[in-house]
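Each remark here refers to the structure printed beneath this line.
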Amino acid sequence: MGSALPLGIAWPESNLIPALLGHDQSFHAYVHIPFCEVRCGYCDFNTYTAKEIGGVSQSDFHESIIREIQVSANVMRQSGYPSKSLKTIFFGGGTPSLFSSKQIGAILNSLESEFGFSDAIEITTEANPESTSPDYLRELSELGVNRLSLGAQSFDASVLETLDRKHDPARVAPLVQSAKSLCMDTSIDLIYGAPGESLDSWKQTVERALSLGSGHISAYSLIVEPGTKLARQIRSGELAQTDEDLDAEKYVFADRAFTDAGLDLYEFSNWGKPSAHNQAY
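Numbered continuously in our numbering, the sequence shown closes out at residue 304.
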């Protein structure tokens with residue numbers, strides 16, 4: 024091991040980095056599910072469609088996740104890592120809702136077997152409206168998933184079309200209600216700043232999101248990443264340039280609306296009531 028960490032911090036004699044030495048005997052897991060049915064035009068995330076992964080199946084990947092959990096647990100034990108139970112688990116993507124409940128359950132079983140769960144563990148999965156159903160949510164709830172992060176993005180159908188999102192905005196509210204009926208906490212993900220999105224359209228999206236009564240809302244400014252379909256569409260003139268001043272107005276409106284509704288800003292793009300997820304990140 025080296026003699027010092029970045030910023031000149033001395034390397035601890037235990038060979039455990041400072042983040043692993045806290046007195047809090049709990050920690051958090053993020054499980055990345057990098058699959059999508061289609062790649063949205065603005066997306067440059069670490070996700071893959073069936074055409075992009077060269078024959079690797081979701082089943083193969085699910086088994087690889089379990090092997091990685093086992094290897095990580097063994098390495099941590101051999102390194103003298105303090106025994107800690109998981110306080111939160113977050114399934115992100117990609118589109119975690121493309122995994123079957125059986126696959127999600129196998130991953131959860133592996134995490135519990137290797138690390139243990141705290142008594143009040145919070146288990147979140149991201150989901151897209153088009154690949155989620157009330158039956159699927161019920162199956163997840165029976166596995167212990169108790170928080171749903173739903174990728175609504177917008178309640179304006181024309182904005183969703185610009186973003187290459189495939190769902191009907193009318194699907195969102197029934198799914199949120201289904202989750203609540205299962206005693207799941209809910210979070211809504213939004214994106215503002217799509218080419219052609221007016222301030223009025225964004226205000227209506229914010230109001231629709233608030234009407235669902237979720238305890239957490241994320242609102243991200245659209246970033247036009249080089250090499251994406253969206254960047255090519257803007258460069259060719261097919262879509263208008265994004266407007267930074269208008270985007271700033273949209274953020275100010277959202278911040279005021281969410282705060283007035285009792286959601287606290289805890290990160291630049293995230294508002295929520297206190298939860299284990301907020302404290303973990």
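Cβ atoms here follow ideal geometry from the backbone N, Cα and C, with glycine treated the same way.
| task | Name the two residues that bound the continuous beta strand (DSSP E) containing N293. | result | N293 to G295
| task | Take the Cβ of E290 as the centre, count every other Cβ of all protein chains shown within 10 Å, and call the residue buried at 16 or more, exposed below. | result | exposed
| task | Go ahead and label P297 buried or exposed: buried means 16 or more other beta carbons lie within 10 angstroms of its beta carbon, across all protein chains shown. | result | exposed
| If S124 and E149 are in contact, beta carbons under 8 Å, what's the gap, nearest whole angstrom? | Not quite, the Cβ-Cβ distance comes to about 15 Å (not below 8 Å), so this is no contact.
| query | For A270, does the three-state DSSP call read helix, strand or coil? | reply | According to the sequence shown, residue 270 is Asp rather than Ala. Looking at D270 - three-state DSSP - the assignment turns out to be helix.
| query | Around the Cβ of D315, are there at least 16 other Cβ atoms within 10 angstroms (buried) or fewer (exposed)? | reply | Residue 315 cannot be examined here, being either before or after the span of the chain that is shown, 24 to 304.
| query | Which parts of the region 62–102 are runs of the beta strand (DSSP E), unbroken and 3 residues or longer, counting only runs that do not cross its ends? | reply | none
| query | For the 8 Å Cβ check, are there 3 or more pairs between the region 241–253 and the region 270–280? | reply | yes
| said: Quick test of your reading: L134 and A52, contact by CB under 8 Å. State the CB separation rounded to the nearest angstrom. | reply: 6 Å
| query | Based on the DSSP secondary-structure assignment, which residues constitute the bridge partners of D287? | reply | G295
| message | Along the chain, where does the beta strand (DSSP E) containing G115 start, and where does it finish? | response | S108 to G116
| message | Quick check: I89 and A129, are their CB atoms within less than 8 Å of each other? | response | yes
| Are the region 93–102 and the region 215–234 touching by the rule of at least three beta carbon pairs closer than 8 Å? | no
| query | Nearest to S154 by alpha carbon, out of S82, L160, S120 and I246? | reply | S120
| task | Assuming C66 and T282 form a contact by the criterion Cβ under 8 Å, report the distance between their Cβ atoms to the nearest whole angstrom. | result | Going by Cβ atoms, the distance from C66 to T282 rounds to 29 Å, so no, they are not a contact pair.
| task | Please specify which runs of the alpha helix (DSSP H), each continuous and at least 4 residues long, are wholly inside the region 141–172, giving them in chain order. | result | 157–166
| task | Starting from the C-beta of C63, find all residues in its chain whose C-beta is less than 7 Å away, skip the five residues before and the five after it, and write them out in chain order. | result | L186, D187 and R188
| field | Residues of its chain near P197, where Cβ-Cβ distance is below 8 Å and the 5 sequence neighbours each way are ignored | value | P157
| message | Using 8 Å for Cβ pairs, my map puts V168 next to I146. What's the rounded Cβ distance? | response | 5 Å
| Sheet register partners of V54 (DSSP bridge) | F114
| task | Look at the Cβ atom of T72, then the Cβ atom of G116, and state whether they are nearer than 8 Å. | result | no
| Distance, Cα to Cα, P238 vs E86? | According to the sequence provided, residue 238 is Gly. The question's Pro does not apply to it. Going from the Cα of G238 to the Cα of E86 covers about 33 Å.
| request: Name the two residues that bound the continuous alpha helix (DSSP H) containing I127. | output: S124 to F138
| Relative to the alpha-carbon of Q93, which residue among N132, P57 and Q126 has its alpha-carbon at the smallest distance? | N132
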